[in-house]
Amino acid sequence: MNELPERDLPPGRHHLLKEHLLTEIRQKQNEKTPKVWFRPALAAGAVAAAVLAGVLVASPFGDQAAQAGPPSKETVRMLEEIAAAAKAQPALKGVRDDQYVYIKSKSGYMATEVSDEGEKSEIEPVRPREFWQSVDGLHDEMLHEPDGGFRYERMEADPPLVEGDSHYRSLQKLPTDPVNMLDWLHKVSDGGKSEDQNTFVLVGDLSYESLMPPKQAAALYLAASKIPGVELIKDAVDADGRHGVAIARVDDGVREELIFDKKTKQFLGEREVAVEDLPTGFKKGTVVGRSAILERTVVDKLGERP
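In terms of our numbering, the sequence shown is numbered consecutively and its last residue is 309.
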């Protein structure tokens, strides 16, 4: 089916937003009550509103801008270890433009149901998910999330690509030093209430549903160590029940956590935790979103599994 143009979506969130928008459009066409899904990037204020089949649905969180200080030495040290582990990964060789990055994951986020009676929010169950992302972004892609209504949903390529897209060929062109990487993140991140939060959200998006080359991944995490408000959480749990350390930032009453394995420092997934009572009715301490990356590799064909 034809897809909403990626160029109209905030950089770094094209495919995840695409999933939410497809769901909204499908429900709108079926004259069902619309829902808005919030993954960490959305819940933490990265996208203040989404245009869904001509309907503007605003974020449920208020504007709570806060002055944040620089990360602690402990946080910076952890990000340096994460960056070193990323840089030590062997670079892929012989990757072709017509191949696909295959990512298997599971996730469940907050959903807000909009009706004549008002809005009702709930935490969606964790659902399995597979995504085939074109290496060069010029070939059709596919999403498989049967529990969410996406039974091998094919997404047509929509060139030209925007700056900030997450395809492997584009990521290979990114800076390999943290200063220039941070400048790039500031340049292309968009959608939230603060530049620092936008930048942190984009770090998470690039970690999640893309395949970062080693040198660029190292630069990404060193750049994250320069974002005000970033903090270290010594124990966090992803959607697969795995414990790890988290690099986190609080925005609009929600702490977004990027979780890494305590030993290998490899990215595991994300978690969203309310740090105060939210307007959506969820109390302080509630996990309002979680995900886990289970497999990430390169395959030859659309729909092929490792």
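All C-beta atoms, glycine included, are put in the ideal place defined by N, C-alpha and C.
Residues that residue i bridges to, as DSSP identifies them
i	result
Gln-136	Val-104
Val-248	Phe-263
Ser-110	Arg-130 and Ser-294
Lys-123	Glu-116
Gly-239	Before going on, a small fix: residue 239 reads as Ala here, not Gly. Answer is Gly-247.
Element boundaries [beta strand (DSSP E), containing residue i]
i	result
Ile-85	First-last for Ile-85: 76–90, but that is the alpha helix (DSSP H), not the beta strand (DSSP E).
Lys-229	Counting along the chain, Lys-229 falls outside any beta strand (DSSP E), and DSSP gives it neither H nor E.
Arg-308	Taken as a continuous stretch (DSSP letters only), Arg-308 belongs to no beta strand (DSSP E), as it is neither H nor E.
His-147	144–148
Met-158	153–158
Nearest candidate by alpha-carbon position, reference residue i, set the options
i	options	result
Pro-131	Lys-286, Val-79 and Glu-148	Glu-148
Thr-179	Asp-280, Ala-221 and Gly-284	Ala-221
Gly-207	Lys-123, Glu-259 and Thr-267	Glu-259
Val-182	Leu-225, Ile-262, Thr-300 and Val-129	Leu-225
Ala-91	Val-117, Ser-118, Met-184 and Pro-217	Pro-217
Asp-238	Asp-303, Tyr-105 and Leu-271	Leu-271
Pro-93	Leu-305, Gly-306 and Thr-300	Thr-300
Glu-116	Glu-125, Gly-244 and Ser-110	Glu-125
His-189	Lys-229, Leu-235 and Ser-173	Lys-229
Asp-264	Pro-73, Gly-72, Ala-86 and Lys-76	Ala-86
Arg-245	Ala-227, Glu-275, Ala-295 and Ser-213	Ala-295
Gln-269	Val-204, Val-257 and Glu-84	Glu-84
Gly-140	Gly-151, Ser-173 and Val-233	Ser-173
Gly-292	Glu-127, Lys-76, Ala-89 and Met-81	Glu-127
Leu-164	Val-138, Leu-82, Leu-185 and Val-248	Val-138
Asp-255	Arg-154, Met-81, Gly-232 and Ala-249	Gly-232
Gln-219	Trp-187, Leu-185, Val-204 and Leu-177	Leu-177
Ala-88	Lys-266, Asp-186 and Glu-122	Lys-266
With 16 other Cβ atoms within 10 Å as the buried cut-off, status of residue i
i	result
Thr-202	buried
Tyr-171	buried
Glu-298	exposed
Glu-120	exposed
Thr-283	buried
Tyr-103	buried
Pro-74	buried
Glu-166	exposed
Tyr-155	exposed
Glu-307	exposed
Asp-241	buried
Val-204	buried
Ser-118	exposed
Q: Ignoring anything shorter than 4 residues or poking outside the region 169–204, list the alpha helix (DSSP H) runs there in chain order.
A: 171–174 and 181–191
(Q) Which runs of the beta strand (DSSP E) at least 3 residues long sit entirely within the region 251–306? Give them in chain order. (A) 257–263, 270–277 and 290–302
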